[in-house]
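Under the numbering used here, the residues of the first sequence are numbered 556 to 739, in order.
No residue lacks a Cβ here, since even glycine has one placed at the ideal position from N, Cα and C.
Here the structure is a predicted model, which means the values were calculated and not measured.
For reference, the structure is listed below as structure tokens.
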Amino acid sequence: MARFLLGKVLVRELKGGLAVSRIVETEAYPVNDPAGHAFRGLTPRNRSLFLRAGHAYVYLCYGTSYLLNVSSEGPGTGAGVLLRALEPLAGIEHMRRTGKEIRLADLTRGPGRLAAALQVDRRHDGMDLFSRGPLWIGSDGAGVDSIGESIRIGLTKGAEARLRYFVAGNAYLSGTRRLNAKSA
DNA sequence: TTGGCGATTGGCT
DNA sequence: GCCAATCGCCAAT
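This is the structure:
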């Protein structure tokens with residue numbers, strides 16, 4: 556699922572109009588991953604991870620940032636993919652409408668920032684992202700030439716697994732130079 | 001009921 | 001590169 560989502564188009568219906576972007580960086584949190592929120596079983600917070608593949612799991616991280624994930628294994632099995640970076644394509648003025656001034660290069664770079672730009676929060680938790688609605692993932696999208704891989708970012712548990720995937724060379728990636736090398 | 005903690009970010013150096 | 005901010009969840013009490 557983490558590889559499948561790369562290059563796909565993510566569409567958000569905002570007040571001013573559609574905000575369209577391309578998924579360029581993901582991280583996988585598979586079944587039985589100690590770093591995954593589903594690891595300790597189903598709870599009220601993480602229930603969306605156990606929905607049929609393609610549903611949104613949104614949670615608040617560090618009390619400051621919402622993070623958007625896509626369930627990848629359900630129904631009944633908890634796993635997901637974190638969206639870490641997007642490439643803005645259209646409706647950029649709508650994404651910028653919120654909050655303070657932010658450079659285009661930083662608008663959707665990083666999991667918390669992309670959720671903020673798209674105004675995604677807990678209200679979107681549990682939504683089916685593979686059917687058209689306020690937030691959905693299009694079936695189309697330009698093909699991805701080359702996929703890079705690295706370890707995941709910001710983990711203490713399961714930190715060594717190479718489960719981060721990105722569109723090689725894309726300008727909107729969130730990792731450091733080292734992690735954005737094609738194989739890190 | 002409570003204390004520790006986390007899939008982050010932005011400001012400052 | 002370092003560090004504080006900030007709050008819901010959950011395991012332990």
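Assuming residue i and residue j make a contact with CB atoms under 8 Å, what is their CB distance in whole Å?
i      : j      : result
Pro599 : Leu637 : Not confirmed; about 20 Å, so no contact.
Ser757 : Ala739 : The requested residue 757 does not occur in the structure, where the chain is confined to residues 556 to 739.
Ala634 : Gly681 : Contact doesn't hold; Cβ gap of about 16 Å is too wide.
Have a look at residue i and residue j and give me their C-alpha separation to the nearest angstrom.
i      : j      : result
Ala672 : Leu644 : 13 Å
Ala723 : Gly596 : 34 Å
Tyr720 : Leu734 : 10 Å
Gln659 : Glu642 : First, the residue type needs correcting, since residue 659 is Leu and not Gln in the sequence shown. If you take the alpha carbons of Leu659 and Glu642, they lie about 10 Å apart.
Asn624 : His649 : 22 Å
Trp691 : Ser576 : 11 Å
Met556 : Gly646 : 26 Å
Pro630 : Asp683 : 13 Å
Ser603 : Ile708 : 22 Å
Ala574 : Arg687 : 14 Å
Asp676 : Gly572 : 18 Å
Leu669 : Leu561 : 15 Å
Arg652 : Asn601 : 30 Å
When we look at the beta-carbon of residue i and count the other beta-carbons within 10 Å, is it buried (16 or more) or exposed?
i      : result
Val586 : exposed
Thr711 : exposed
Ser694 : exposed
Tyr617 : exposed
Glu582 : buried
Lys570 : exposed
Ala714 : exposed
Gly730 : buried
Lys563 : buried
Glu656 : exposed
Ser701 : exposed
Just curious, the beta strand (DSSP E) that residue i is in, first and last residue?
i      : result
Leu669 : Segment Pro666 to Ala672 is the alpha helix (DSSP H) holding Leu669; no beta strand (DSSP E) there.
Val613 : Ala611 to Cys616
Phe721 : Arg719 to Val722
Arg567 : Val564 to Leu569
Ser705 : Ile702 to Ser705
Ile692 : Leu690 to Ile692
Can you tell me whether residue i is helix, strand or coil according to DSSP?
i      : result
Arg577 : strand
Ile657 : coil
Glu628 : coil
Ser738 : strand
Arg607 : strand
Leu684 : coil
Arg639 : strand
Please report the residue range of the alpha helix (DSSP H) in which residue i lies.
i      : result
Arg558 : Ala557 to Leu560
Ile647 : Ile647 to Met650
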